[in-house]
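Asks: Starting off with a structure, shown below.
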Amino acid sequence: MMNTVDEGKKNTERKKIDIKKVEKNSNKLVTFSKRRQGLFKKATELCVLCDVNIAMIVSSPADKLFAFGQPNIDIVLKNYIHGTTEFEDQESERVSSIYEECDTVRELT
């Protein structure tokens, strides 16, 4: 005798996919968008769990730039360029995580 409760359930497990280039442009844009969000979420988790500072710039298949920074992308990149790890101006700058779409890359001075 079959269990009728199990018959109606769908398999909700994640499927493993082969990592290979996505050929169709529309699929490429959707895949990029979902994975970018996942990447930024993982970066946020890493910042919280390990108390680290992160800056990322990602270019999409549609040639748009997306940036993430914790505490702020400008602070992290400036410190990287100057070879420092001090974040003394944190309080005066935006301290929250930043998700933004950029039209151009900012000049770092």
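The sequence shown: position 75 = 75 (full-length UniProt numbering), numbered continuously.
Every residue gets a Cβ at the ideal spot worked out from N, C-alpha and C, and that includes glycine.
#1: What's the call for A62, buried or exposed, on a 16-neighbour Cβ count within 10 Å?
#2: Go ahead and pull the three-state DSSP assignment for S59.
#3: Here's the rule I'm using: 16 or more other beta-carbon atoms within 10 Å means buried, otherwise exposed. How should N11 be labelled?
#4: Grab the span of the alpha helix (DSSP H) containing residue 112 for me, first residue to last.
#5: Alpha carbons only, please: which of N25, S60, K78 and Q70 is nearest the one belonging to V48?
#6: Return the first residue and the last residue of the alpha helix (DSSP H) that I73 is part of.
Replies: On the basis of the data shown:
#1: Around the beta carbon of A62, fewer than 16 other beta carbons lie within 10 angstroms, which makes this residue exposed.
#2: Strand.
#3: Counting of Cβ neighbours within 10 angstroms places N11 among the exposed residues, the total staying below 16.
#4: This structure cannot speak to residue 112, because the chain is shown only from 1 to 109.
#5: With distances taken between Cα atoms, V48 lies closest to Q70.
#6: Counting along the chain, the unbroken alpha helix (DSSP H) around I73 starts and ends at I73 to H82.
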